[in-house]
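Accompanying notes for the structure given below.
Residue numbers (my numbering): 24 to 129.
In structure tokens, the structure reads:
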């Protein structure tokens with residue numbers, strides 16, 4: 024009788040633990056991505072204006088800026104302080120790298 028009671032108790036505890044583990048939400052490994060940034064270099068022949076998602080930036084030819092690496096966010100052209108068409112979407116492989124504008128323009 025004691026053995027049956029102990030077995031039932033252990034099984035109940037194990038099933039409770041499994042339920043608790045299933046109830047924990049899955050957290051994607053994006054902490055390192057959100058803590059990083061990447062450099063965007065203007066390798067075109069023109070002065071450009073962009074919106075990085077947090078502000079407007081002017082890039083002379085050959086200059087670069089640092090952009091937060093928020094995967095899925097978009098970088099836009101800018102015109103007179105207004106956000107324009109999308110240039111590119113930030114991907115995880117950009118994080119920590121130097122990205123040439125000519126390579127990400129459509």
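For every residue, glycine included, the Cβ atom is placed at its ideal position computed from N, Cα and C.
Asked: Sufficient close CB pairs (3 or more, under 8 Å) joining the stretch 84-102 to the stretch 59-76; Found: yes
Asked: Neighbour-count burial assignment, residue 65, 16 or more Cβ in a 10 Å radius; Found: buried
Asked: Per-residue burial, residue 117 [other beta carbons within 10 Å of its own, 16 or more giving buried]; Found: buried
Asked: DSSP three-state assignment for residue 89, whether helix, strand or coil; Found: strand
Asked: Minimum C-alpha distance to residue 69 - residue among 81, 59, 60; Found: 81
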